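*Asks:* Sequence order for the protein chains is A and B. Going by our numbering, the first residue of the first sequence is number 44, and it counts up by one from there. Going by our numbering, the first residue of the second sequence is number 8, and it counts up by one from there. Don't be surprised by glycine CBs; every beta carbon is placed ideally from N, CA and C. As the structure is a prediction and not an experimental result, all values here were calculated from the model. Encoded as structure tokens, here's the structure I'll be asking about.
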Amino acid sequence: MGRIGTIARRSFLVGSAALLGGVAFGYYMYKQPVDNPLDDDLAQGEAALTPYVLINADGVTLITPRADMGQGAYSVQAALIAEELDIELDQINVDPGPPSAAYWNTAIADEGVPFPSTDRGMAAETMRGFMGAVIKLMGMQITGGSTTVPDGFEKLRVAGAVARETLKAAAAEMSNLTITQLKTERGAVVLPDGKRIPYEALAAKAAEIEPVTDVAPRPSTQWRLVGKPMQRVDMVSKSTGTQSYGIDMRMEGMVHAAVRVNPRKGGEVISFDATDAEVMRGVQKVIPVAGGVGAIADNTWRAFQAVDAIEVEWGAAPYPAEQSEHWQVLADTIDAGDADATPRDDGDVDGLATTVEVEFRAPYLAHAPLEPMNATVLVTDDRVDVWTGNQIPRMTQSSVAKMTGVDVDDVHVHILMMGGSFGHRLEDEVVKRATELAMAMKGTPVKLTYKREEDTLQDFTRPLALMRGRGAVADGKVTAMEIKVASPSIMDSQMVERQGFPVPGPDTTITQALWDQPYAIPNYRVTGYRAPKLGPVSSWRSVGASQNGFFHENFLNTLIHAAGADPVEERLRLMTDDPSRKTLEAVAEMSGWGGELAANKARGVAFCLSFGTPCAQIIEITNGEDGIKLDKVWVAAEVGKVVDPVNFENLVAGGVIWGLGHAINSQITYADGRTEQENFWDFEGLRNYQTPEIIVRGLENRDYVTGVGEPPVPPAAPALAEAIFRATGERPTEMPFGERFGFV
Amino acid sequence: MKLTVNGVAHDVDVEEDMPLLWVLRDELKLDGPKYGCGVAACGACTVHVGGVAVRSCQTLVGDVDGPVTTIEGLGNPDEMHAVQAAWLKHQVAQCGYCQGGQMMQAADLLSNNPNPTDEDIDDAMSGNLCRCGTYPRIRDAVKSAAKNLQVS
């Protein structure tokens, strides 16, 4: 494990210092239970049995603190609680709950530790535990990193079991029976004579007694829900147009707002003239906001019209104005040779004769969820309410408290259903802008909706990245692989700059999914270079793995081709992790890899281990007269346990489509300091007519559970690149492939 | 200005050049049609005017010359249209934001073409963007709805 090297010690030491009290304090705090946030608002007769189960006269509400942006988080969290609580999904309400340290995400840190996720050894587990303590201390209630299921798999089932046993204890007291005489089913405790006491009727009693915490979740053989097809709790509303989202927020007296912020992100407003806007129909007020201007009107469209009518002189961008300069910065950063981290350095890369050299690029990309950024904020003297769809409620609460001077406990963040996110809602600039407007409209609820153009122009994109590779092959085998990758730091931009949240040590997202791949290439080095600040960047579905999966696998396919080996066989030979090998074997078997193909057809394969989930894909394409057509994709992913096979299939297929669509069609580029793309006419992923048939298989060969929101994304682009190479003889080196290759 | 939406007559006092989408959402409080792009590039705002699917974000309210149907008027949770029932059966939605528009487009397709081929579905549905990537299920659901409509 030479690759732990210096990076582990650096992260550990700096990380513990950042706790202000050190590790001992951290450990102490980690052992302290966190107050149940539901206790504060309980009325008579209500019981909050754990932070996840609320029972009152309205019924049973399961608190699902990981936000739902379309991935089915509410359903999967509810199912895990309901499994143990003995209640059905059609009997419960779900609510994302208040921002609270009780809902800290312990799994989010796993991807940041300097151990490959397949390493479950003691050192790695200790480090994960430590990072978990850090997250708890920071109260980092985050939805991201494909962590909802791994984080909740035990915790939510235990919460359900605690609630169930406490309800049984309450029923035992009320009926003068012993707990062992009681059963639970469909939201009721059942007495030996068959009499049913609904959980609602036990709430008052359960609130009086000590919770029964000495419980263990049931073994998998007794599961009723987990692993079986479910109907998501939001499926009826989303199939009938009745689901409400953040953008649908409406309150008595609410006004509508729009903003235009300097498209040279972070630049100033030099001057503005709102004379025309102020006299437009329905316009109530024009308000300057940080870096821009806002307008308040009596409906959304009039607010849009008003901000567009304001003449603004914008200041310069605090980063290079032209795209070519951004690429040059990356090249210069690698050339300067000051590494951010070398998380893998096996064998002797320098000592070998290079046979293959490559340079690959991945562009900036927008998140562009279909529901544009929006937030509704009501500011009064002693209380602020925020209604928005957001993955970071605690950070938002803290930012709004700072801006308004209202005590953090009096800032109430209400998380609403999200029309997609893909990482966009890990940012809360829209809440900050809405708060500025609401501070100028005290007592009046203000709903701020971004125009699509504003959403695109103000997006904090995926970083662009440049990768240089040197490698060697001998005797039909890959013998050496050196990867140098440069990109701006997501952690610097997203966490440090915009959230004021220190992230010590190297930025692990720069080399994510490059250094921790389960291949035993004898000479294998990965070096990350942190470019100076360019366009502001953020986490984009699968984060560093989104570009690095392409880099690593496109390079590995290049080397395997140079070696004259088969890309499935050579990977299997190199793989050190058995579940990863089984994942690749699964797609090979599903697709009949190695069989004869028609003359104009070709296939490509890729694999990526990201967020702890091995995912392998094989794509088949037709190189026809009208261009390249994506025919079919086979995809396998190892997650330990597929909680809901129906939702799993949809998420995996969607991840493949996300990966393919951006790989061929999409990029964000800068000119004159602003992004050139504004709307779906010049930035779109895949559409229906380009979508291949997708065949999905979930694998359960491990005893721990990992997530699947992001892992299907990284292998899609390199598998396609390999198929294109085999079909055309030309290997794509740069995304989007559509710049060089024609697609149907 | 007179406007009939989902069978109900309304009188709205708005500019003639206000897009129908915003009249529906902000004046009539019908949230089924969604704002995604404002330029007819995503289809989330799709409604029927006189039985034909249109992008309400690019349809000026002054130009509306027939009754308007939104996703709320197509069917409801208690009485679903065949397209909505198929969407539920196939669990098409992820975030669901585009799906109202997708269903309105699909209903329009099936009313003109009761037995669409894969190519017909691609042609009719490719103007409706889904960022979550639910297209495979949209295809399945359209075919399923077509079958059910033919039976009934």
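Could one say the Cβ of residue 52 of chain B lies closer than 8 Å to chain A's Cβ atoms, at least one of them?
*Replies:* With 8 Å as the cut-off, residue 52 of chain B does not count as an interface residue toward chain A.
*Asks:* Please identify the residue among B/34, B/124, B/139, B/156 whose C-alpha is closest to the C-alpha of residue 146 of chain B.
*Replies:* With distances taken between Cα atoms, residue 146 of chain B lies closest to B/124.
*Asks:* Please report the Cβ distance between residue 537 of chain A and residue 503 of chain A, rounded to the nearest whole angstrom; I am assuming they are in contact, meaning their Cβ atoms lie under 8 Å.
*Replies:* 7 Å between Cβ atoms; contact.
*Asks:* With a CB to CB cut of under 6 Å and the five nearest residues on each side skipped, what residues in its chain are close to residue 786 of chain A?
*Replies:* So the list reads 670, 671, 707, once near-sequence residues are dropped.
*Asks:* Does the stretch 196-204 of chain A come close enough to the stretch 112-125 of chain A that 3 or more CB-CB pairs lie under 8 Å?
*Replies:* Result yes; three or more Cβ-Cβ pairs closer than 8 Å.
*Asks:* For the stretch 285-310 of chain A, which residues have a beta carbon sitting closer than 8 Å to at least one beta carbon of chain B?
*Replies:* So the close ones are 285, 286, 287, 288, 290, 291, 293, 299.
*Asks:* Cα separation between residue 192 of chain A and residue 650 of chain A?
*Replies:* If you take the alpha carbons of residue 192 of chain A and residue 650 of chain A, they lie about 22 Å apart.
*Asks:* Under 8 Å between C-beta atoms, does residue 677 of chain A make it to chain B?
*Replies:* So no, residue 677 of chain A is outside the interface.
*Asks:* Can you name the residues of chain A whose CB is closer than 9 Å to the CB of residue 43 of chain B?
*Replies:* Simply 413, 414, 415, 462, 495, 723.
*Asks:* Opposite residue 19 of chain B in the DSSP bridges: which residues?
*Replies:* Paired residue(s): none; residue 19 of chain B is not in a bridge.
*Asks:* Which bits of chain B does residue 700 of chain A rub up against, with CB to CB less than 9 Å?
*Replies:* Under the 9 Å cutoff, chain B gives 137, 139, 140, 141, 142, 143.
*Asks:* Looking only at C-alpha atoms, which of B/103, B/133, B/27, B/148 sits nearest to residue 73 of chain B?
*Replies:* Nearest C-alpha to residue 73 of chain B: B/27.
*Asks:* Can you look up residue 314 of chain A in the DSSP assignment and give me helix, strand or coil?
*Replies:* If DSSP states are grouped into helix, strand and coil, residue 314 of chain A belongs with the strands.
*Asks:* Does the separation of the CB atoms of residue 577 of chain A and residue 372 of chain A fall below 8 Å?
*Replies:* Taking 8 Å as the Cβ cut-off, residue 577 of chain A and residue 372 of chain A qualify as a contacting pair.
*Asks:* Could you check where the alpha helix (DSSP H) with residue 204 of chain A kicks off and where it finishes?
*Replies:* Its alpha helix (DSSP H) spans residues 191-218.
*Asks:* Whole angstroms are fine: how far does the CA of residue 528 of chain A sit from the CA of residue 674 of chain A?
*Replies:* Cα-Cα distance, rounded: 32 Å.
*Asks:* DSSP three-state label for residue 253 of chain A, please.
*Replies:* Three-state result, residue 253 of chain A: coil.
*Asks:* Within 8 Å of any Cβ in chain A, is that where the Cβ of residue 27 of chain B sits?
*Replies:* It does not: the Cβ of residue 27 of chain B has no partner Cβ on chain A nearer than 8 Å.
*Asks:* How many Å lie between residue 290 of chain A and residue 443 of chain A at the Cα?
*Replies:* When rounded, the distance between both Cα atoms is 19 Å.
*Asks:* With a threshold of 8 Å between beta carbons, is residue 592 of chain A in contact with chain B?
*Replies:* No, residue 592 of chain A does not count as interfacial toward chain B.
*Asks:* For residue 774 of chain A and residue 687 of chain A, what's the separation of their Cα atoms in angstroms?
*Replies:* Near 38 Å, if we compare the C-alpha coordinates of residue 687 of chain A and residue 774 of chain A.
*Asks:* CA-CA distance, residue 130 of chain B and residue 514 of chain A?
*Replies:* In a straight line, the C-alpha of residue 130 of chain B is about 45 Å away from that of residue 514 of chain A.
*Asks:* Starting from the C-beta of residue 285 of chain A, find all residues in its chain whose C-beta is less than 6 Å away, skip the five residues before and the five after it, and write them out in chain order.
*Replies:* No residues qualify anywhere along the chain.
*Asks:* Assign residue 713 of chain A to one of three DSSP states: helix, strand, or coil.
*Replies:* In the structure shown, residue 713 of chain A sits in a strand (DSSP, three-state: E or B).
*Asks:* Mind pulling the chain A residues with CB within less than 7 Å of residue 46 of chain B?
*Replies:* Result: 722, 724.
*Asks:* For the stretch 259-287 of chain A, list every residue whose C-beta sits within 8 Å of some C-beta in chain B, in sequence order.
*Replies:* Taking 8 Å as the Cβ-Cβ cut-off against chain B, the residues of the stretch 259-287 of chain A that qualify are 274, 275, 277, 278, 279, 280, 281, 282, 283, 284, 285, 286, 287.
*Asks:* Could you pull the DSSP bridge partners for residue 524 of chain A from this structure?
*Replies:* DSSP lists A/514, A/567 as partners of residue 524 of chain A.
*Asks:* Taking 8 Å as the CB-CB cut-off, is residue 71 of chain A touching chain B?
*Replies:* Reliability fails at residue 71 of chain A, whose pLDDT of 22 lies under 50, so the model's placement of it is uncertain and no value is given.
*Asks:* Could you name the residues of the same chain whose beta carbon sits closer than 8 Å to that of residue 595 of chain A, not counting the 5 residues immediately before and after it, in chain order?
*Replies:* For residue 595 of chain A, where only same-chain residues beyond five positions count, the Cβ hits under 8 Å are 526, 556, 557, 560, 651, 761.
*Asks:* Looking at the secondary structure, which residues open and close the beta strand (DSSP E) in which residue 653 of chain A lies?
*Replies:* Run containing residue 653 of chain A: 644-653, per the beta strand (DSSP E) assignment.
*Asks:* Output, in sequence order along the chain, the residues in the stretch 90-118 of chain A whose CB is closer than 9 Å to any CB in chain B.
*Replies:* If the cut-off is 9 Å between Cβ atoms, the stretch 90-118 of chain A has 111, 112, 113, 114, 115 near chain B.
*Asks:* Out of A/139, A/389, A/253, which has the shortest C-alpha to C-alpha gap to residue 564 of chain A?
*Replies:* Cα-wise, what sits closest to residue 564 of chain A is A/389.
*Asks:* Compute the distance between the beta-carbons of residue 141 of chain B and residue 114 of chain B, then report whether it is under 8 Å.
*Replies:* It is not a contact, given that the beta carbons lie outside the stated cut-off.
*Asks:* Please confirm if the stretch 487-504 of chain A is in contact with the stretch 394-402 of chain A, defined as three or more CB-CB distances below 8 Å between the two stretches.
*Replies:* With a cut-off of 8 Å, the stretch 394-402 of chain A and the stretch 487-504 of chain A do not count as touching, because too few Cβ pairs lie within range.
*Asks:* Work out the CA separation of residue 90 of chain B and residue 9 of chain B for me, nearest whole Å.
*Replies:* Spanning the two alpha carbons is a distance of roughly 29 Å.
*Asks:* Closer than 7 Å by C-beta to residue 579 of chain A: which residues in its own chain qualify, once you throw out the five before and the five after it? Chain order, please.
*Replies:* So the qualifying residues of the chain are 308, 309, 503, 536.
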